[in-house]
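Visitor:
In our numbering, the protein residues as written are 1307 to 1581.
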């Protein structure tokens, strides 16, 4: 039987799209040492590990760390959004999943990522894309504010992300995804789940996170959602009617500009000749 986060993932248009975008940016990971940060209930961590390589995972809260550890078992860490427990130049690649908007000092954290990435290491960043739209105003009207989602900032534009990365990283590729219809239907789902959960989880730094306890408590709700999922999928596909609009998520790939520390070559001692 599939684990509950995987079953939920298979019924989430946004999570599936997010995973496809991340893996497309990331490329092959077999033989690499990798780190994912901020992967919600752990399903992204699990699926990334199945792509190959040696992975570590990290997140802000004990609740989400427990959820990730239940899925992947090992090498899961709680971090505070400032430092990490990892060594200099430990990772070939780091994936940041909806995390930077939740921490007070994103600049300091980018410096930390630069420290733990190897020279020429790969950084993939997935963040909300700032859009001042009618949908954003509607979300605020029904209580889905930045504060409710644990966001300390509304998101990033490519210009602000470029400034954040600074001269430590070379931005290689970026685009937005997840347009109006996908986000609208997700907004309505989050609103419905929030009503059923009541005020539980209001203090979370990561906003609404669905846990195993939720799945046990709201089995009927999730069975109902599974029945209407084809309609959700169809509504999300209407994004294809909006090809020239920007999306509500921004994903970027950058390369560490760290210079390798070269070992100074050994200079043979001069040989003195006598006579």
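Even glycine gets a Cβ: it sits at the ideal position worked out from N, Cα and C.
May I ask which residues mark the beginning and end of the alpha helix (DSSP H) holding residue 1413?
Guide: 1412 to 1422
Visitor: Tell whether a beta-carbon distance below 7 angstroms holds between residue 1559 and residue 1371.
Guide: Going by C-beta atoms, residue 1559 is not nearer than 7 angstroms to residue 1371.
Visitor: Can you tell me the Cβ-Cβ gap for residue 1403 and residue 1452, rounded? I've got them flagged as a contact below 8 angstroms.
Guide: 18 angstroms between Cβ atoms; not a contact.
Visitor: Classify residue 1438 as helix, strand or coil using the three-state DSSP reduction.
Guide: coil
Visitor: Should residue 1473 and residue 1562 be called a contact, given that it needs their Cβ atoms to be closer than 7 angstroms?
Guide: no
Visitor: Give me, in chain order, the residues of the same chain whose beta-carbon lies closer than 8 angstroms to that of residue 1462; leave out the 5 immediate sequence neighbours on both sides.
Guide: 1406, 1407, 1433, 1434, 1435, 1436, 1470 and 1556
Visitor: Within this structure, are the beta carbons of residue 1360 and residue 1384 separated by less than 7 angstroms?
Guide: A distance of 7 angstroms or more separates the beta carbons of residue 1360 and residue 1384.
Visitor: According to DSSP, is residue 1531 helix, strand or coil?
Guide: helix
Visitor: Where does residue 1457 land, buried or exposed, given buried means 16+ other C-beta within 10 angstroms?
Guide: buried
Visitor: Where residue 1322 and residue 1537 are concerned, what is the direct C-alpha to C-alpha distance, given to the nearest angstrom?
Guide: 16 angstroms
Visitor: Any chance you could list the alpha helix (DSSP H) runs of at least 4 consecutive residues sitting entirely within the region 1335 to 1372, in chain order?
Guide: 1349 to 1355
Visitor: Which one of 1347, 1417, 1439 and 1467 has the shortest CA to CA distance from residue 1375?
Guide: 1347
Visitor: Our contact map puts residue 1392 next to residue 1422 with C-beta atoms below 8 angstroms; I'd like the distance itself, whole angstroms only.
Guide: 5 angstroms
Visitor: How about residue 1386 and residue 1424: do their beta carbons lie closer than 7 angstroms?
Guide: no
Visitor: How close, in whole Å, do the beta carbons of residue 1480 and residue 1491 come, if the pair is a contact with beta carbons under 8 angstroms?
Guide: That belief does not hold up - the Cβ atoms of residue 1480 and residue 1491 are roughly 25 angstroms apart, past 8 angstroms.
Visitor: Quick one: grab the DSSP three-state call for residue 1565.
Guide: coil
Visitor: Could you say which of 1378, 1410, 1439 and 1401 lies nearest to residue 1332 if we only look at CA atoms?
Guide: 1401
Visitor: Have a look at 1483, 1552 and 1395 and flag the residue whose alpha-carbon is nearest the alpha-carbon of residue 1326.
Guide: 1483
Visitor: Reducing DSSP to helix, strand and coil, say where residue 1393 ends up.
Guide: coil
Visitor: Quick check: residue 1352 and residue 1382, are their CB atoms within less than 7 angstroms of each other?
Guide: no
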